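Peer 1: For reference, the structure I am asking about is given below.
Protein chains: 2
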Amino acid sequence: MPENAVGSEGLLFLTDEQLRKGIEAMFFAYRGFTSDPDRILDSLGYGRAHHRAVHFINRAPGMTVSQLLSILGVTKQSLNRVLRTLFDDGLVEARVGRTDKRERRLYLTTKGAALERALSDAQRARMRAAYRAAGPEAVQGFRMVLEAMMDPELRRQYQGLREVEP
Amino acid sequence: MPENAVGSEGLLFLTDEQLRKGIEAMFFAYRGFTSDPDRILDSLGYGRAHHRAVHFINRAPGMTVSQLLSILGVTKQSLNRVLRTLFDDGLVEARVGRTDKRERRLYLTTKGAALERALSDAQRARMRAAYRAAGPEAVQGFRMVLEAMMDPELRRQYQGLREVEP
DNA sequence: ATGGAGTGTCAACAAGGCTGACGTAGTTGG
DNA sequence: CCAACTACGTCAGCCTTGTTGACACTCCAT
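Chains as they are written, first to last, in my numbering: chain X, 418 to 583; chain W, 418 to 583.
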């Protein structure tokens with residue numbers, strides 16, 4: 418891309434035009450990013466909120482409700498509406514905390530894990546294709562810019578997720 | 418980042434773990450990406466939908482309603498609700514098309530341009546900081562991956578915006 | 001045993017998507 | 001010149017997902 422050339426000393430490349438391109442790239446790419454899971458979710462009567470919940474419960478099984486709340490950054494009323502449908506449909510189950518019995522530890526059921534897999538397969542396929550098309554160094558850069566763009570608190574959530582014992 | 422090392426031949430890096438990291442990076446980064454404009458919009462009683470409209474009208478002044486519809490990917494009823502408030506508040510004005518009088522060409526007013534500037538300044542500041550932190554090659558990679566992640570039709574929208582004559 | 005934390009729930013509301021249907025002005029093709 | 005189509009607006013109604021405020025319950029910790 419000669420017209421898009423980046424100065425080798427890395428000072429002149431921060432024009433408003435470059436920044437605007439980056440902003441629009443985020444906008445359009447995010448649309449693509451969510452479109453495949455959205456189709457699956459739609460066909461099942463779910464929305465993105467369900468996807469997010471299922472994703473992070475799969476990511477860190479045994480998570481409590483308030484941990485999930487803080488990751489998702491929504492109110493508990495909002496999350497609860499979603500969690501309830503997931504319970505009712507048998508995708509997620511809650512087990513009472515062992516040491517603290519007020520807590521409800523969240524787990525995917527077999528059925529929930531199947532949905533999670535379907536959703537993430539779709540999303541990974543797109544991500545894989547994009548990674549392949551762009552190449553390894555591009556992927557490195559992609560991740561670096563995204564991490565730098567997060568709020569510090571969110572960056573901690575991003576880096577600090579681990580499995581929790583019930 | 419040694420623990421994150423990418424194989425120099427670029428074949429082994431597409432593990433599920435790498436892909437999952439990329440997916441979550443998109444999720445958290447997008448939250449950061451929208452947070453600064455969101456604060457400004459909130460204080461004025463607007464939402465993201467207003468931001469998107471104002472952004473693209475600024476981007477390609479003289480755009481018709483249906484062009485904007487196709488870029489935003491929403492229904493006209495939805496867009497109209499937003500446009501009406503922008504007209505009423507004097508941020509956007511519509512001029513009847515010169516050759517085709519059915520068309521309404523959209524322009525920002527001085528006031529609208531001021532809001533657009535405030536919003537994009539905030540967003541650019543974050544983007545600039547992320548770019549600086551990540552470095553020029555990272556920016557290149559960032560853009561490449563994002564472009565590869567877009568739907569082909571959206572990619573055309575992304576690349577093909579230009580100013581339109583009324 | 002009392003305060004506070006973790007959770008559920010009810011009610012009410014708003015933004016911003018959607019569909020379907022209809023109207024009006026203006027353009028275009030036969 | 002008229003019929004058909006296009007661009008746009010609008011009304012009505014629905015859904016998801018977010019919000020606030022209030023209240024109740026269980027349980028942990030001091």
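All C-beta atoms in this analysis are idealised placements derived from N, C-alpha and C, irrespective of residue type, glycine included. Note that the structure is a prediction, hence the values are computed from the model and not measured.
1. Which word fits L461(W), buried or exposed, when buried means at least 16 other C-beta atoms lie within 10 angstroms of its C-beta?
2. Verify the contact flag: D459(W), CB atom, against every heavy atom of the ligand NAD, threshold strictly below 7 Å.
3. If I follow the unbroken alpha helix (DSSP H) through V499(X), where does it start and stop?
4. With 8 Å set as the bound, which would you pick, yes or no: does the beta-carbon of A411(X) sit closer than that to a beta-carbon of chain W?
5. In whole angstroms, give me the CA-to-CA distance for R522(W) and A477(W).
6. I need the straight-line Cα distance from R534(X) to Y463(X), nearest angstrom please.
7. Are the C-beta of L503(X) and some C-beta of chain W separated by less than 8 Å?
8. Just curious, the beta strand (DSSP E) that A511(W) is in, first and last residue?
9. Go to Y575(W), then tell me how far its alpha helix (DSSP H) extends in each direction, as first and last residue.
10. So that I know if they touch, is there some Cβ in chain W lying closer than 8 Å to that of G490(X)?
11. List the residues that DSSP assigns as beta-bridge partners of T481(W).
12. If you draw a straight line from the alpha carbon of R437(X) to that of M566(W), how long is it in whole angstroms?
13. Quick check: the region 556-563 of chain W against the region 555-573 of chain X, are there 3 or more CB pairs under 8 Å?
14. If you draw a straight line from the C-alpha of D453(W) to the C-alpha of A539(W), how long is it?
15. Would you verify that the beta carbon of I440(W) is, or is not, closer than 8 Å to some beta carbon of chain X?
16. Which class does G462(W) belong to by DSSP, given the choice of helix, strand or coil?
17. Applying a beta-carbon distance threshold of less than 9 Å, which residues of chain X neighbour D568(W)?
18. Can you tell me whether S537(X) is buried or exposed? The criterion is at least 16 other CB atoms within 10 Å of its CB, across all chains shown.
19. Where A511(X) and L489(X) are concerned, what is the direct C-alpha to C-alpha distance, given to the nearest angstrom?
20. Could you check where the alpha helix (DSSP H) with L536(X) kicks off and where it finishes?
21. Under a three-way DSSP split, which group does D601(W) fall into?
22. Using the three-state DSSP reduction, which class does G558(W) fall into: helix, strand or coil?
23. What would DSSP say about L489(W), mapped onto helix, strand or coil?
24. Can you pull the chain W neighbours of G577(X), defined as C-beta to C-beta under 9 Å?
25. Please identify, using Cβ separations under 7 Å, the residues of the region 498-523 of chain W that lie next to chain X, in order along the chain.
26. For my contact list, R543(W) and D433(X) are in at a C-beta cut-off of 8 Å; report their separation, rounded to the angstrom.
27. Go through its chain and collect everything with a Cβ distance to L503(W)'s Cβ below 8 Å, but skip five positions before and after it.
28. Taking C-beta pairs closer than 8 Å, name the residues in chain W that Y463(X) reaches, listed in chain order.
29. Which residues of chain X have a Cβ atom closer than 7 Å to the Cβ of L571(W), listed in chain order?
30. Go through its chain and collect everything with a Cβ distance to Y548(W)'s Cβ below 6 Å, but skip five positions before and after it.
31. Does D517(X) come out as helix, strand or coil in the three-state DSSP assignment?
32. Please check if any C-beta of chain W sits within less than 8 Å of the C-beta of A550(X).
33. Just the Cα atoms here: how many angstroms apart are D517(X) and L532(X)?
34. In whole angstroms, what is the alpha-carbon distance linking L571(X) and G449(X)?
35. From the beta carbon of E564(X), is the nearest beta carbon of chain W less than 8 Å away?
36. Going along chain X, which residues have a C-beta under 7 Å from G558(W)?
Peer 2: Once the coordinates are examined:
1. Working through the second sequence from its first residue, we reach residue 461(W) at position 44. Classification for L461(W): exposed.
2. With respect to the ligand NAD, the structure shown offers nothing to examine, as it has no ligands at all.
3. Translated into the one-based positions of the first sequence, residue 499(X) becomes position 82. Start and end: K493 to D505.
4. Chain X is shown from 418 up to 583; residue 411(X) falls before or after that span and cannot be answered.
5. Numbered from 1 along the second sequence, position 105 holds the residue referred to as residue 522(W). Numbered from 1 along the second sequence, position 60 holds the residue referred to as residue 477(W). Taking the straight line from one Cα to the other gives about 10 Å.
6. In the first sequence, counting from the first residue as 1, residue 534(X) sits at position 117. In the first sequence, counting from the first residue as 1, residue 463(X) sits at position 46. Looking at the two C-alpha atoms, the distance is approximately 15 Å.
7. By one-based count along the first sequence, residue 503(X) stands at place 86. No, because no Cβ of chain W sits closer than 8 Å to the Cβ of L503(X).
8. For this step, residue 511(W) is matched to residue 94 along the second sequence. First-last of the beta strand (DSSP E) with A511(W): V509 to V513.
9. Taking the first residue of the second sequence as position 1, residue 575(W) is located at position 158. That run of the alpha helix (DSSP H) goes P569 to Q576.
10. Taking the first residue of the first sequence as position 1, residue 490(X) is located at position 73. At least one chain W Cβ lies under 8 Å of G490(X).
11. The residue labelled residue 481(W) in the question sits at position 64 within the second sequence. Residue pairing by DSSP places T481(W) opposite R522(W) in a beta bridge.
12. Here residue 437(X) refers to the residue found at position 20 of the first sequence. Here residue 566(W) refers to the residue found at position 149 of the second sequence. Approximately 18 Å between the Cα atoms of the pair.
13. yes
14. The residue given as residue 453(W) occupies position 36 in the second sequence. The residue given as residue 539(W) occupies position 122 in the second sequence. When rounded, the distance between both Cα atoms is 6 Å.
15. Position 23 of the second sequence holds residue 440(W). Yes - at least one Cβ of chain X is within 8 Å of the one on I440(W).
16. What you label residue 462(W) is simply residue 45 of the second sequence in a count that begins at 1. G462(W) carries a coil assignment under DSSP once its states are collapsed to helix, strand and coil.
17. Here the question's residue 568(W) lines up with position 151 in the second sequence. Within chain X, the residues F445, R448, G449 and S452 have their CB atoms less than 9 Å from the CB of D568(W), given in chain order.
18. On the first sequence, residue 537(X) is found 120 positions in, with the first residue counted as 1. Under this definition S537(X) is a buried residue.
19. On the first sequence, position 94 is the one that residue 511(X) refers to. On the first sequence, position 72 is the one that residue 489(X) refers to. Approximately 18 Å, taken between the alpha carbons.
20. Here residue 536(X) corresponds to residue number 119 of the first sequence, with the count starting at 1. Note, L536(X): alpha helix (DSSP H), T527 to A551.
21. Shown here, chain W extends from 418 to 583; a query on residue 601(W) therefore has no answer.
22. Looking up residue 558(W) in the second sequence gives position 141. Helix at G558(W).
23. Against the second sequence, residue 489(W) aligns to sequence position 72. Reduced to three states, the DSSP call for L489(W) is helix.
24. As a working note, residue 577(X) is residue 160 in the first sequence. Going along chain W, no residue has its Cβ under 9 Å from G577(X), so there is no contact; the nearest lies around 11 Å.
25. Residues of the region 498-523 of chain W that bring their beta carbon within less than 7 Å of a beta carbon in chain X are absent altogether.
26. For this step, residue 543(W) is matched to residue 126 along the second sequence. For this step, residue 433(X) is matched to residue 16 along the first sequence. Not quite, the Cβ-Cβ distance comes to about 14 Å (not below 8 Å), so this is no contact.
27. Here the question's residue 503(W) lines up with position 86 in the second sequence. Correct list, in chain order: H467, A470, V471, V509 and G529.
28. For the purposes of this step, residue 463(X) is taken as the residue at position 46 of the first sequence. Those within 8 Å of Y463(X) in chain W number zero; the least Cβ separation is about 17 Å.
29. Walking along the second sequence from the start, residue 571(W) turns up at place 154. Correct list: F445, R448 and G449.
30. Numbered from 1 along the second sequence, position 131 holds the residue referred to as residue 548(W). V556.
31. To locate residue 517(X), count along the first sequence from 1; it is residue 100. Three-state DSSP puts D517(X) in coil, outside helix and strand.
32. By one-based count along the first sequence, residue 550(X) stands at place 133. Yes, its Cβ sits closer than 8 Å to a Cβ of chain W.
33. Position 100 of the first sequence, counting from 1, holds the residue named residue 517(X). Position 115 of the first sequence, counting from 1, holds the residue named residue 532(X). Those two C-alpha atoms are separated by around 30 Å.
34. Translated into positions along the first sequence, residue 571(X) becomes position 154. Translated into positions along the first sequence, residue 449(X) becomes position 32. Computed Cα separation, rounded: 22 Å.
35. Taking the first residue of the first sequence as 1, we reach residue 564(X) at position 147. Yes - at least one Cβ of chain W is within 8 Å of the one on E564(X).
36. Here residue 558(W) is taken as the residue at index 141 of the second sequence, counted from 1. Chain X residues near G558(W): A551, E554, A555, V556, Q557, G558 and F559.
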